[in-house]
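Counted the way our numbering counts, the sequence shown spans residues 1 to 164.
Working notes, beginning with the structure itself.
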Amino acid sequence: MRQGLFRGAPVKISYRADLRDTAGNPAYAATSIRKREMALDPTLKRHPKQHRRILLHEYFHFAWVRLGNPLRAAWEAFLKAEWQAGARGEAGWSAEWRKRKLTARDIDLRSRFWREYCCESFCDTAALVFGADCDQSEVTLAPGRCRARAAWFAGKFPERRFSI
1 MRQGLFRGAP VKISYRADLR DTAGNPAYAA TSIRKREMAL DPTLKRHPKQ HRRILLHEYF
61 HFAWVRLGNP LRAAWEAFLK AEWQAGARGE AGWSAEWRKR KLTARDIDLR SRFWREYCCE
121 SFCDTAALVF GADCDQSEVT LAPGRCRARA AWFAGKFPER RFSI
């Protein structure tokens, strides 16, 4: 990981096949925040850029839980404004498939689906913003929206450091 990007206790990383996401779909990674562990699919070792993007995404799950409510709420407000403006696409597949299933009611009620989307969008976007040499094949968000998200991160995290 980029020197100085993350601070906190170490996270144990292992490799395991047949991982699933929270919806039961095949996944490249699984993370346990409480155990400070993440498992990655071993096939990622053959794809360094994809490996880096997914590893960064998983590290940002640890950062998400430590952000605090004001920063998480600010990210939600940012995403809600994007939604209301009709923004399509996402910074990665993890957020994209969740966004496609959202309804206006989910957003208004801050449903579990909306909150999960916000978390995944944060992690996908952070991996994109801070992983210059990452695989970007899953980015479907318009370049202008990507720049706006990068500006949001720059404004909220000027030191580019995240507690995990």
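Ideal placement from N, C-alpha and C gives every residue a C-beta, glycine not left out.
The alpha helix (DSSP H) spanning Thr-125 covers which residue range?
-> Within the sequence shown, residue 125 is the residue found at index 125, counting from 1. Run containing Thr-125: 112 to 130, per the alpha helix (DSSP H) assignment.
Whose C-beta lies closer than 8 Å to the C-beta of Arg-161 among residues of the same chain, with five residues either side of it excluded?
-> Counting from one through the sequence shown, the residue named residue 161 turns up at place 161. Gly-4, Leu-5, Phe-6 and Arg-7, listed in sequence order.
Take every Cβ of the stretch 10 to 17, pair it with every Cβ of the stretch 28 to 39, and state whether three or more of those distances are shorter than 8 Å.
-> Output reads yes: the stretch 28 to 39 touches the stretch 10 to 17.
Secondary structure of Phe-78, DSSP reduced to three states | Residue 78 sits at position 78 when you count from the first residue of the sequence shown. Looking at Phe-78 - three-state DSSP - the assignment turns out to be helix.
Expressed to the nearest angstrom, what Euclidean distance is found between the alpha-carbon atoms of Arg-20 and Glu-138?
-> Residue 20 sits at position 20 when you count from the first residue of the sequence shown. Residue 138 sits at position 138 when you count from the first residue of the sequence shown. Approximately 18 Å between the Cα atoms of the pair.
Do Ala-23 and Ser-163 come within 8 Å of each other at the CB atom, strictly closer than that value?
-> Walking along the sequence shown from the start, residue 163 turns up at place 163. Walking along the sequence shown from the start, residue 23 turns up at place 23. Cβ distance not < 8 Å, so Ser-163 and Ala-23 don't count as in contact.
Local conformation of Ile-178 per DSSP, three classes = Since the first residue of the chain shown is 1 and the last is 164, residue 178 is not available in this structure.
When the Cα atoms are used, what is the spatial distance from Glu-76 to Arg-52?
-> Mapped onto the sequence shown, residue 76 falls at position 76. Mapped onto the sequence shown, residue 52 falls at position 52. Cα to Cα, the separation comes out at about 25 Å.
Could you spell out where the alpha helix (DSSP H) holding Ala-151 opens and where it closes?
-> Sequence index remark: in the sequence shown, residue 151 carries index 151 (1-based). That run of the alpha helix (DSSP H) goes 143 to 156.
Using three-state DSSP, classify Glu-37 as helix, strand or coil.
-> Reading the sequence shown from its first residue, position 37 is the one you call residue 37. Strand, per DSSP.
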